[in-house]
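**Student:** Just so we're aligned, residue 1 is where the sequence shown starts under this note's numbering, counting upward by one.
Glycine included, each C-beta is placed from N, C-alpha and C at the ideal position.
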Amino acid sequence: MHDDVLRELAYLRELGFTHLDLTPKAAFAGQGHHGAAATLEETVDDRPAAEAEARIAAAAITSGSPATCVTLGELRPFALDCTACRLAATRKNVVFGAGNENADLMFVGEAPGHDEDVQGEPFVGRAGQLLTDIIKAMKLTRDDVYIANVIKCRPPENRNPEPDELEACRPYIRKQVELIRPKVIVTLGRFSLQSLTGRSYAITAVRGNWLDYEGVRLMPTYHPAYLLRNPTAKKDVWSDMKKVMGELGIAF
Ligand code: URA
1 MHDDVLRELA YLRELGFTHL DLTPKAAFAG QGHHGAAATL EETVDDRPAA
51 EAEARIAAAA ITSGSPATCV TLGELRPFAL DCTACRLAAT RKNVVFGAGN
101 ENADLMFVGE APGHDEDVQG EPFVGRAGQL LTDIIKAMKL TRDDVYIANV
151 IKCRPPENRN PEPDELEACR PYIRKQVELI RPKVIVTLGR FSLQSLTGRS
201 YAITAVRGNW LDYEGVRLMP TYHPAYLLRN PTAKKDVWSD MKKVMGELGI
251 AF
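1) What is the DSSP secondary structure of Ala148, counted as helix, strand or coil?
2) Rounded to a whole number of angstroms, what is the C-alpha to C-alpha distance between Arg159 and Ile151?
3) When every heavy atom of the ligand URA is checked, does at least one fall within less than 6 Å of the C-beta of Pro161?
4) Can you give the Cα-Cα distance for Asp104 and Phe252, rounded to whole angstroms?
5) Beta strand (DSSP E) containing Thr187: first to last residue?
6) Quick one: grab the DSSP three-state call for Phe252.
7) What separation, rounded to the nearest whole angstrom, lies between the Cα atoms of Arg91 and Ile173?
8) According to DSSP, what are the bridge partners of Ala98?
9) For a quick check, are the C-beta atoms of Val95 and Glu110 less than 7 Å apart?
10) Under 8 Å by Cβ, that's how I've got Pro182 and Tyr146 pegged, so tell me the actual separation to the nearest angstrom.
11) Is Gly109 near the ligand URA, in the sense that its beta carbon is under 6 Å from a heavy atom of that ligand?
12) Terminal residues of the continuous alpha helix (DSSP H) containing Gly73?
13) Closest to Phe107 by CA distance: which of Asp212, Leu188 and Arg207 is it?
14) Specify whether the segment 238 to 245 and the segment 121 to 138 touch according to this definition: at least 3 beta carbon pairs, one from each stretch, less than 8 Å apart.
15) What separation, rounded to the nearest whole angstrom, lies between the Cα atoms of Leu259 and Gly128?
16) With a threshold of 6 Å (Cβ to nearest heavy atom), would Gly113 be considered close to the ligand URA?
17) From Asp212, Thr141 and Val124, pick the residue whose C-alpha is nearest to that of Asn149; which is it?
18) From the DSSP output, read off the bridge partner residues of Arg217.
19) Would you kindly report the start and end of the unbroken beta strand (DSSP E) that includes Val108?
20) Measuring from the CB of Phe123, is there a heavy atom of the ligand URA at a distance below 6 Å?
21) Which of helix, strand or coil does DSSP assign to Tyr201?
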């Protein structure tokens, strides 16, 4: 995008234009979130061309792609408009993520189910109620933490995400972690762990053991939906959460 803008500017300069109108209405009229090339018009604007170039390059960088976003607020519209995989065709809502953008603790789940798809919020169904209980048992609230999924759109009939869907969605969760920069990430279940890290860990082998994700402490644990089917595994998750509390300096 940045290179495209510079090429466009050089071309216009060759055509003899020396000034640009960079008011947002004129420059970005009719664009979606993904920032197609700006319409550049000759005007009587007398700002120096170098200043104009710097402004348009900056605008292009911040509106250009998920990778260049510097806040979750900037990133969210890209996800809401995303059509990178087939799940876009069947979703009701994109479930971007929710909670404290400055959280020390981030929970990363798999994909929205029916309730999340309808409400546009992560973990609001039965598994979500159990996750809320786990968070409360850790002496925290949902507003203290950030909750997101590795897949932002519901797979039909809650089927497992396909590898290409995980691949298409991975930039969003990785960017969310980069922007929130939590002290600890808890991955819930296999897909979340494998997709975030890009490694084929076996959840039963690594659960309860600290891993490193880009310099952030990562605790893999079971998914709450698994706990609904296998309540005896709750003690394992509680043991994992006590490690997380210890890391965050929360007494238990
Ligand atoms: N399961 C998940 O992994 N994520 C949700 O948001 C809900 C259920």
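**Tutor:** To lay it out plainly:
1) In the displayed model, Ala148 falls within a strand according to three-state DSSP.
2) If you take the alpha carbons of Arg159 and Ile151, they lie about 12 Å apart.
3) Distances from the CB of Pro161 to the heavy atoms of the ligand URA are all 6 Å or more.
4) Per the coordinates, the alpha-carbon of Asp104 lies some 17 Å from the alpha-carbon of Phe252.
5) Val184 to Leu188 is the span of the beta strand (DSSP E), which, as asked, contains Thr187.
6) In this structure, Phe252 counts as coil in the three-state DSSP scheme.
7) Computed Cα separation, rounded: 18 Å.
8) The partner list for Ala98 (beta bridge, DSSP) reads Ile147.
9) The answer is no: Cβ separation not under 7 Å.
10) Correct: roughly 7 Å between the Cβ atoms.
11) True, at least one ligand heavy atom lies under 6 Å from that Cβ.
12) First-last of the alpha helix (DSSP H) with Gly73: Leu72 to Leu80.
13) Comparing alpha carbon positions, the residue from Asp212, Leu188 and Arg207 closest to Phe107 is Leu188.
14) At 8 Å Cβ cutoff, the stretches touch.
15) No statement about residue 259 is possible, as the shown extent of the chain runs from 1 to 252 and does not include it.
16) Checking every heavy atom of the ligand URA against the Cβ of Gly113, one is found closer than 6 Å.
17) With distances taken between CA atoms, Asn149 lies nearest to Val124 out of Asp212, Thr141 and Val124.
18) According to DSSP, Arg217 shares a beta bridge with Val184 and Asp212.
19) It spans Leu105 to Gly109 - the beta strand (DSSP E) in which Val108 sits, taken as one unbroken run.
20) Indeed, a heavy atom of the ligand URA lies less than 6 Å from the Cβ.
21) Shown here, Tyr201 sits in coil according to DSSP, grouped into three states, outside any helix or strand.
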